[in-house]
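For reference, the structure is listed below as structure tokens.
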Amino acid sequence: MTATSNLRKAAEPALWLIGLLVVWELVVRLTGTPKYILPAPSIFLWTMIENAPQLAYQGALTTRLILYGFFAGAVPGVALGYLIARFRICQQLLYPIVVFIQGLPKITLAPLMLVWFGFADFPKILLTALITFFPVMVDSVAGFRSIDPRKYYLAKCTGASWLQTFFKIELPSAAPNIFSGLRISIVVAVTVVIVVEWLNSKNGLGYLVLRAMDSKDTPMIFATLVVGSLIGVALSWAVSAVERWAVPQRGPQGRH
Amino acid sequence: MAHNSAPTTASPTIGASIVAKGLTKVYGRGSDAFHALGPIDLDIKPGEFVSLIGPSGCGKSTTMLMVSGLEPITDGVVEVDGKPLTRPISEIGIVFQDHLLLDFRTAISNVMLQQEIRRLPRAEMKERAQALFAQLGLQGAEEKYPWQLSGGMRQRVSIARALVHDPSMLIMDEPFGALDAISRTQIRHDLEMLWLEKRKTVLFITHSIEEAVGLSDRVLVMSKSPGRIVEEIAIDLPRPRPAHLGEYPEFSVYAKRIYTIFEKLGIYKF
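Chains as they are written, first to last, in our numbering: chain A, 30 to 285; chain B, 39 to 308.
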């Protein structure tokens with residue numbers, strides 16, 4: 030891949046986005062739509078600049094919760110995925126519970142979490158972890174199950190220990206599946222944290238959105254959502270970057 | 039999983055002896071039991087190249103898995119260098135029918151897996167790996183991933199992986215089965231040259247008469263399932279053997295003997 034074609038790949042969607050914003054701006058101005066219904070991009074982008082320190086601070090708090098929740102969900106997700114894929118007994122004991130919880134609309138557990146764990150960060154992280162856990166676990170099970178059983182002959186005849194087998198053979202073999210779960214989870218985590226911040230918080234982007242809504246400050250709602258979206262894009266990009274670094278390409282056509 | 043014993047050293051070793059007595063494999067129990075193999079006896083001397091040839095499903099691969107300790111033995115014993123085998127032995131190199139390379143590692147890094155797992159000195163092993171790559175015609179393939187290599191090259195990498203830690207025996211399960219005839223002839227020669235230099239004990243499993251006669255000191259011919267050894271043929275041909283084995287009139291005599299056994303066993307019906 031050449032540098033120019035990379036630049037082109039990045040420039041095309043950016044130009045398209047700018048074009049959309051220009052059309053938006055024109056439509057709002059020509060129709061004279063009031064800004065509390067639909068602010069023009071120039072208005073909410075200006076709001077963003079005016080409130081940059083606050084947005085950055087609250088955004089950082091939200092990002093921190095997203096990352097805690099994401100890791101707290103992803104690590105057990107991989108671990109449990111491994112146990113379920115490798116040990117029949119784990120599958121028999123855990124899978125029914127997993128299927129049951131998976132069917133539950135987990136965001137509705139938020140009030141329960143608050144009753145149980147109060148108003149600190151812990152219930153928010155726990156709920157985020159619970160929701161990010163499932164995509165990672167399901168994809169990890171698929172990843173660990175897809176390992177050619179004969180690869181274990183290789184492990185045995187080199188005298189590999191359990192840990193060596195896991196880190197040198199099993200985990201890297203399952204990595205493409207695990208990363209597809211992680212890519213889903215990180216985006217879900219952004220939504221979950223913001224929603225949980227609505228319920229109770231004196232901090233974070235969710236709190237900002239709610240406060241802006243109370244004062245009918247629609248440009249501020251848009252500004253906050255843009256920040257939330259930027260965080261989501263940055264985090265998914267980070268997950269993909271880690272994947273590119275950690276998982277070598279396995280075939281001639283793209284990844285996997 | 040069995041606990042790993044003291045790390046295997048990479049010091050030059052001579053070939054090990056492999057002895058099997060009454061080796062038998064039965065899968066399942068009771069009325070579902072399937073008698074897959076044996077009883078068979080093996081007596082492979084240090085540094086000897088022995089082939090096991092037989093029809094598909096005769097238990098060749100099962101034999102290989104039991105001799106390397108990867109599959110439990112139903113009955114009988116396997117002794118490597120006089121010591122009974124109780125767990126997977128790591129002093130061996132195995133080349134499987136399918137190359138079993140890890141697709142997320144480059145060719146050289148697949149070979150270096152041995153070094154990492156056995157915790158052998160890195161620089162020395164890297165040198166050995168590179169030397170093996172040169173001997174096996176793999177120069178320039180070091181940093182390629184398995185999907186970037188041809189079938190023959192993948193199998194060469196897997197041979198390098200089986201030899202890099204200098205094991206005392208090499209077990210090969212139809213290693214060239216998936217290759218085209220031209221690559222097969224070349225890789226047969228390269229393997230023979232490598233063996234002449236290193237003199238490991240080799241147990242070579244195949245269903246190709248040409249490969250068995252072309253490579254071995256001794257060919258053991260197996261019957262259909264449950265596999266038994268029906269004949270032992272010492273191959274007395276000079277080495278290294280040529281690409282076209284027909285140059286030796288004795289070759290067709292040996293080949294003919296094996297064909298005759300296969301016809302007698304009903305494997306070939308002409």
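All residues carry an ideal CB built from backbone N, CA and C; glycine is no exception. Predicted model, so just to flag it, every value in this text is computed and none were measured.
Can you check which of these residues, the options, is closest to residue i by C-alpha distance?
i, options, result
"W75 (chain A)", "A:A252, A:K231 and A:D177", "A:A252"
"I111 (chain B)", "B:D274, B:L75 and B:P280", "B:L75"
"L139 (chain B)", "B:T239, B:H73, B:E301 and B:S196", "B:S196"
"L228 (chain A)", "A:F129, A:A139, A:V51 and A:A218", "A:A139"
"Y124 (chain A)", "A:A263, A:S34, A:V170 and A:K185", "A:V170"
"I271 (chain B)", "B:K307, B:Y306, B:I225 and B:I247", "B:I247"
Compute the Euclidean distance between the alpha carbons of residue i and residue j, then round it to the nearest angstrom.
i, j, result
"P201 (chain A)", "L156 (chain A)", "28 Å"
"G284 (chain B)", "R160 (chain B)", "44 Å"
"P45 (chain B)", "A167 (chain B)", "Residue confidence for P45 (chain B) is low, a pLDDT of 42 falling below 50, so the modelled location carries little weight; the figure read from the coordinates is stated next. Near 18 Å, if we compare the C-alpha coordinates of A167 (chain B) and P45 (chain B)."
"I118 (chain A)", "Y111 (chain A)", "12 Å"
"E269 (chain B)", "V259 (chain B)", "5 Å"
"Y65 (chain A)", "A270 (chain A)", "38 Å"
"S206 (chain B)", "R256 (chain B)", "18 Å"
"S55 (chain B)", "Y292 (chain B)", "25 Å"
"T144 (chain B)", "Y183 (chain B)", "4 Å"
"R279 (chain B)", "I220 (chain B)", "16 Å"
"G304 (chain B)", "G53 (chain B)", "36 Å"
"A218 (chain A)", "V225 (chain A)", "10 Å"
"W45 (chain A)", "L254 (chain A)", "20 Å"
"A189 (chain A)", "V149 (chain B)", "14 Å"
"T247 (chain A)", "V238 (chain A)", "9 Å"
"T124 (chain B)", "K294 (chain B)", "39 Å"
"D177 (chain A)", "F116 (chain A)", "16 Å"
"A39 (chain A)", "S188 (chain B)", "35 Å"
"A169 (chain B)", "G48 (chain A)", "59 Å"
"E272 (chain A)", "A263 (chain A)", "14 Å"
"R194 (chain B)", "K59 (chain B)", "32 Å"
"Q193 (chain A)", "E162 (chain B)", "21 Å"
"S290 (chain B)", "I91 (chain B)", "16 Å"
"F129 (chain A)", "T220 (chain A)", "22 Å"
Suppose the cutoff is 6 Å on Cβ atoms and the five residues either side in sequence are ignored; what does the same chain contact list for residue i look like?
i, result
"N232 (chain A)", "L90"
"F163 (chain A)", "Q131"
"K135 (chain A)", "L159 and I160"
"L109 (chain A)", "M166"
"L84 (chain A)", "V256"
"V222 (chain A)", "T91, L94, I95 and T157"
"M77 (chain A)", "A252"
"A281 (chain B)", "T223"
Return the chain-ordered list of same chain residues with a C-beta closer than 8 Å to the C-beta of residue i, the five sequence neighbours on each side being excluded.
i, result
"W53 (chain A)", "A69 and P70"
"L55 (chain A)", "none"
"F72 (chain B)", "V64, Y65 and G66"
"R277 (chain B)", "E230 and L234"
"R192 (chain B)", "H137, L139 and P184"
"V276 (chain A)", "P201, A204, P205, F208 and R284"
"E288 (chain B)", "D274 and L275"
Within a Cβ cutoff of 7 Å, which residues of the same chain sit near residue i, ignoring the five residues on either side of it in sequence?
i, result
"L211 (chain A)", "A103, V165 and V268"
"V216 (chain A)", "G261 and S265"
"S214 (chain A)", "F99, G102, A103, T161, P164 and V165"
"E109 (chain B)", "T100 and L103"
"Q120 (chain A)", "I113"
"I82 (chain B)", "S55, I56, V88, T239 and L241"
"M142 (chain A)", "P152, L155 and L156"
Give a yes or no on whether the C-beta atoms belonging to residue i and residue j are separated by under 9 Å.
i, j, result
"D204 (chain B)", "K236 (chain B)", "yes"
"S116 (chain B)", "M102 (chain B)", "The sequence shown places Val at residue 116 (chain B), rather than the Ser named in the question. Result no, Cβ atoms of V116 (chain B) and M102 (chain B) do not sit closer than 9 Å."
"N80 (chain A)", "M249 (chain A)", "yes"
"E230 (chain B)", "G252 (chain B)", "yes"
"G95 (chain B)", "S263 (chain B)", "yes"
"S134 (chain B)", "Y181 (chain A)", "In the sequence as displayed, the identity of residue 134 (chain B) is Phe instead of Ser. Not closer than 9 Å, so no."
"L232 (chain B)", "L275 (chain B)", "no"
"R2 (chain A)", "A114 (chain A)", "Summary: the structure shown does not reach residue 2 (chain A), with chain A confined to residues 30 through 285, and so no result is reported for it."
"L208 (chain B)", "L241 (chain B)", "yes"
"C186 (chain A)", "S106 (chain B)", "yes"
"G120 (chain B)", "L61 (chain B)", "no"
"F300 (chain B)", "P93 (chain B)", "yes"
"I132 (chain B)", "D228 (chain B)", "no"
"D218 (chain B)", "G178 (chain B)", "no"
"K197 (chain A)", "L158 (chain B)", "no"
"Y236 (chain A)", "S244 (chain A)", "no"
With respect to 8 Å, is the separation between the Cβ of residue i and the closest non-hydrogen atom of the ligand FMN below this value?
i, result
"V107 (chain A)", "With respect to the ligand FMN, the structure shown offers nothing to examine, as it has no ligands at all."
Requested in this report: Kindly provide the ranges of any alpha helix (DSSP H) runs that are 4 or more residues long and lie completely inside the segment 101-157 of chain B, ordered along the chain.
Outcome: 145-156
Query raised in the report: In chain order, which continuous runs of the beta strand (DSSP E) of length 3 or greater are located wholly inside the segment 233-278 of chain B?
Result: 239-244, 256-260 and 267-272
Requested in this report: Could I get the ranges of all uninterrupted alpha helix (DSSP H) runs contained in the segment 42-83 of chain A, with 4 residues as the minimum, in chain order?
Outcome: 70-79
Query raised in the report: Enumerated in chain order, which unbroken segments of the alpha helix (DSSP H) with a length of 4 residues or greater are wholly contained in the segment 108-147 of chain A?
Result: 117-132 and 139-146
Query raised in the report: Which runs of the beta strand (DSSP E) spanning at least 3 residues fall entirely within the segment 200-239 of chain B, listed in chain order?
Result: 207-211
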